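As you go down the protein sequences, you meet chains A and B in turn. Per the working numbering, residue 1 is the first one in the first sequence, and the count goes up by one each step. Per the working numbering, residue 111 is the first one in the second sequence, and the count goes up by one each step. Just so you know, even glycine gets a beta-carbon here, dropped at the ideal spot from N, CA and C. The structure displayed is predicted, hence computed values, not measured ones. The block underneath contains the structure these notes are about, expressed in structure tokens.
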Amino acid sequence: MKNKADLEKRVNIALDSLNQMERASAPPYFFTRLEARMQKGKTFWEKSTLFLTNPVFSFASITLILLFNIYVIASSPDENNITQQDNELATIDEYNQVSSTLFDFENIKP
Amino acid sequence: MEERELIKQLKQRDRDAFKSLVDTWQNMVFNTAIGLLQNEEDAEDTAQEVFIQVFESIDTFKEESKLSTWIYRITVSKAMDHIRRKKTKKRFSFLMSLFKEDGQVMIEPPDFLHPGVKLENKENAKALFKALDKLPPNQKTAFVLNKMEGLSYQETSEIMEISNSATDSLLQRARQNLKKELRNQFESIND
């Protein structure tokens, strides 16, 4: 029980440890370094991120993907034609129009 | 310089106005960033990013809120971006380490100690910052703004764009979670 009370006391002391804390100050010559960074311009990664997150780029990419999809769908073979071919093959199979067994070859009627 | 006049001059890209803005707000931005990021170098880097953003997007500032509120919002947003980038980098480093023979994962920095903490509170503050780092982002933000930056509920709510009751609830949950985490830390030391 005493341990639990000690633990709670320690937790509360830790929580209050920020009460007397002083504020952190920016390092010396902060403005000089900031100005130097601004004059240097953006790094490659910052430029890349800005370019990729640019709404114009995102919109253009989506449009391009959509156009490519439309092109792929439009240029794919006619589905009706494939169905027709499937039907023809099914008819041939159903009426045994293909002589493919040995029995068929040996019993050809004149 | 009056705030409206300062904004007007900033919109004209006046260097002295920008220097005045940085001089006025650099400690506020740095203190908030260091509380959220728990690393002095990252905090300085983020503080620089904040002022660059302020300089570049001052034209979009509509003066519906105070300038300080707007700068705080940018600071929180930039700090959160920094945390996300760091997490992604850490995950990537872990993945890369799996494919390398001498695979080294990014080294965890030692426990953070805020430069403003008094010597006698050093160990307790270290434990508290460790616990703070495990809080969800919105609870962490509310706690840093209210407890470390010393802002009122009203100011914290305006920055986070939530109601006062939501801020109150966030702070209560943050305190409960911090207590829970601190208990775990101290119990594991005693074991």
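Three-state class that DSSP yields for residue i in the structure shown
{"i": "residue 241 of chain B", "result": "helix"}
{"i": "residue 176 of chain B", "result": "coil"}
{"i": "residue 123 of chain B", "result": "coil"}
{"i": "residue 145 of chain B", "result": "helix"}
{"i": "residue 193 of chain B", "result": "helix"}
{"i": "residue 221 of chain B", "result": "coil"}
{"i": "residue 153 of chain B", "result": "helix"}
{"i": "residue 23 of chain A", "result": "coil"}
{"i": "residue 280 of chain B", "result": "helix"}
{"i": "residue 273 of chain B", "result": "coil"}
{"i": "residue 227 of chain B", "result": "coil"}
{"i": "residue 171 of chain B", "result": "coil"}
{"i": "residue 234 of chain B", "result": "helix"}
{"i": "residue 137 of chain B", "result": "helix"}
For residue j and residue i, the rounded distance between their alpha carbons
{"i": "residue 1 of chain A", "j": "residue 7 of chain A", "result": "Here residue 1 of chain A scores only 47 on pLDDT, less than 50, and its place in the model should not be relied on; the value that follows carries that caveat. Each residue's alpha carbon lies about 10 Å from the other."}
{"i": "residue 35 of chain A", "j": "residue 145 of chain B", "result": "24 Å"}
{"i": "residue 4 of chain A", "j": "residue 47 of chain A", "result": "55 Å"}
{"i": "residue 199 of chain B", "j": "residue 74 of chain A", "result": "42 Å"}
{"i": "residue 115 of chain A", "j": "residue 152 of chain B", "result": "As shown, chain A starts at 1 and ends at 110. That puts residue 115 of chain A outside it, with no answer to give."}
{"i": "residue 139 of chain B", "j": "residue 207 of chain B", "result": "35 Å"}
{"i": "residue 94 of chain A", "j": "residue 86 of chain A", "result": "12 Å"}
{"i": "residue 168 of chain B", "j": "residue 276 of chain B", "result": "29 Å"}
{"i": "residue 271 of chain B", "j": "residue 279 of chain B", "result": "14 Å"}
{"i": "residue 185 of chain B", "j": "residue 244 of chain B", "result": "20 Å"}
{"i": "residue 308 of chain B", "j": "residue 232 of chain B", "result": "Only positions 111 to 301 of chain B appear in the structure, and residue 308 of chain B is not among them; the question remains open."}
{"i": "residue 225 of chain B", "j": "residue 68 of chain A", "result": "56 Å"}
{"i": "residue 161 of chain B", "j": "residue 132 of chain B", "result": "7 Å"}
{"i": "residue 170 of chain B", "j": "residue 299 of chain B", "result": "51 Å"}
{"i": "residue 18 of chain A", "j": "residue 59 of chain A", "result": "48 Å"}
{"i": "residue 49 of chain A", "j": "residue 209 of chain B", "result": "27 Å"}
Proximal residues of chain B, C-beta to C-beta of residue i below 8 Å
{"i": "residue 11 of chain A", "result": "289, 292, 293, 296"}
Supposed contact pair residue j and residue i - C-beta distance, whole angstroms, cut 8 Å
{"i": "residue 148 of chain B", "j": "residue 222 of chain B", "result": "4 Å"}
{"i": "residue 234 of chain B", "j": "residue 13 of chain A", "result": "6 Å"}
{"i": "residue 33 of chain A", "j": "residue 141 of chain B", "result": "Actually they are not in contact, since the Cβ atoms of residue 33 of chain A and residue 141 of chain B sit about 18 Å apart, beyond 8 Å."}
{"i": "residue 289 of chain B", "j": "residue 20 of chain A", "result": "Residue 289 of chain B to residue 20 of chain A, Cβ: 20 Å. No contact."}
{"i": "residue 157 of chain B", "j": "residue 26 of chain A", "result": "6 Å"}
{"i": "residue 183 of chain B", "j": "residue 117 of chain B", "result": "About 16 Å; that fails the 8 Å criterion."}
Chain B residues whose Cβ lies nearer than 7 Å to that of residue i
{"i": "residue 14 of chain A", "result": "234, 237, 238, 292"}
{"i": "residue 22 of chain A", "result": "226"}
Neighbouring residues, chain A, relative to residue i (Cβ below 8 Å)
{"i": "residue 82 of chain B", "result": "Absent from the structure is residue 82 of chain B, since the part of chain B shown begins at 111 and ends at 301."}
{"i": "residue 265 of chain B", "result": "Ordered by position in chain A, no residue passes the 8 Å Cβ test against residue 265 of chain B, which lies about 15 Å from the chain."}
{"i": "residue 152 of chain B", "result": "Within chain A, no residue comes near residue 152 of chain B; the closest Cβ sits about 13 Å away, beyond 8 Å."}
{"i": "residue 278 of chain B", "result": "Those within 8 Å of residue 278 of chain B in chain A number zero; the least Cβ separation is about 17 Å."}
{"i": "residue 133 of chain B", "result": "31"}
{"i": "residue 274 of chain B", "result": "In chain order: nothing, as chain A lies at least about 22 Å away."}
- Task: Compile a chain-ordered list of the residues in the stretch 26 to 44 of chain A whose CB is closer than 8 Å to at least one CB of chain B.
- Result: Residues of the stretch 26 to 44 of chain A with a Cβ closer than 8 Å to any Cβ of chain B, in chain order: 26, 27, 30, 31, 33, 34, 37, 38.
- Message: Counting only Cβ-Cβ distances shorter than 7 Å, please list the residues of the stretch 236 to 258 of chain B near chain A, keeping chain order.
- Response: Against chain A - using a Cβ distance shorter than 7 Å - the residues of the stretch 236 to 258 of chain B are 237, 238, 257, 258.
- Query: What residues in the stretch 158 to 189 of chain B have a beta carbon less than 8 Å from any beta carbon of chain A?
  - Reply: Within the stretch 158 to 189 of chain B, the qualifying residues are 158, 161, 162, 165.
- Task: Please name the residues in the stretch 137 to 148 of chain B whose beta-carbon is closer than 7 Å to at least one beta-carbon of chain A, in chain order.
- Result: Within the stretch 137 to 148 of chain B, the qualifying residues are 137, 140, 141, 144.
- Message: To be precise: take each residue of the stretch 62 to 79 of chain A, compare its Cβ to all Cβ atoms of chain B, and keep it if any distance is under 8 Å. Which residues remain?
- Response: For the stretch 62 to 79 of chain A, which is checked against every Cβ of chain B, not one residue is closer than 8 Å.
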